[in-house]
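> Got a structure for you, questions after.
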Amino acid sequence: MFCWECAHPTTYGTFAHAVYDALKTHDGEWESSCFRFHLRKCALESFRIAWSTVNPRAISKYNPPTPEYLEYACHLSAFVAEIFAVGLIPRSPMIQCLGTLLKEMCSIEHVYVLQTMVISAKETLWQGPNSQKLTKEFITNFAQRMSSLPDHASFGRPASIAIIVREADIARKINEWHKRRPTCPIIVEESIWS
């Protein structure tokens, strides 16, 4: 059964979690935790290389990607969110990834990837301690950064930011997910999105 499900995963996050579970069941806690550690390390480092301008090869207005590299970076970003959704990476690195995209946002592709990651990460990102502040700050910063982009700021085929944002409607989804959360105390701290 495991092999068949892994041959046809619904998402790669689900596949990664199935591998983790199989390692835990058949080889023990040590092997499964090593798998999780290396998967997390590789995925997060690859994400930073692709999107953080600390790396000179990162996608930016000064370093437009090839179509193949852009496709790779988009799939990688969705994978990071998927492995967060299945519990293979913790919340803080996921928030850092979204923060990197917000900070570096210079194209429609950044908007698209941000939305894809939010949708793939699902509601658990927007629930828990400080979720009210997190939700409000993310939506505010996303709207501000997005509104500063020219409508057709694209590395690939021409597209409209307004259309992409309207179709995904992540602000509404985030607010709905946040409303479903259990009541958590609000802790005041510096913004993670700025």
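Numbering that gives the first Met the number 0 applies: residue 0 is where the sequence shown begins, and numbers increase by one.
Beta carbons: idealized from backbone N, C-alpha and C, even for Gly.
So, with DSSP's three-state summary, where would you put residue 54?
coil
> Could you round the C-beta distance between residue 96 and residue 46 to whole angstroms and report it? I think they count as a contact, below 8 Å.
6 Å
> Per DSSP, which residues does residue 62 bridge with? Please list them.
59
> What span of residues does the alpha helix (DSSP H) with residue 92 cover, start to end?
It spans 90-103 - the alpha helix (DSSP H) in which residue 92 sits, taken as one unbroken run.
> With 16 other CB atoms within 10 Å as the buried threshold, where does residue 61 fall?
exposed
> Where does residue 143 sit, in a helix, a strand or coil, going by DSSP?
helix
> Out of curiosity, what's the CA-to-CA distance linking residue 107 and residue 67?
Roughly 16 Å separates the two Cα atoms.
> Determine, using beta carbons only, whether residue 101 and residue 54 come nearer to each other than 8 Å.
no
> Between residue 105 and residue 148, what straight-line distance do the alpha-carbon atoms span, to the nearest angstrom?
7 Å
> Can you tell me whether residue 76 is helix, strand or coil according to DSSP?
Helix, per DSSP.
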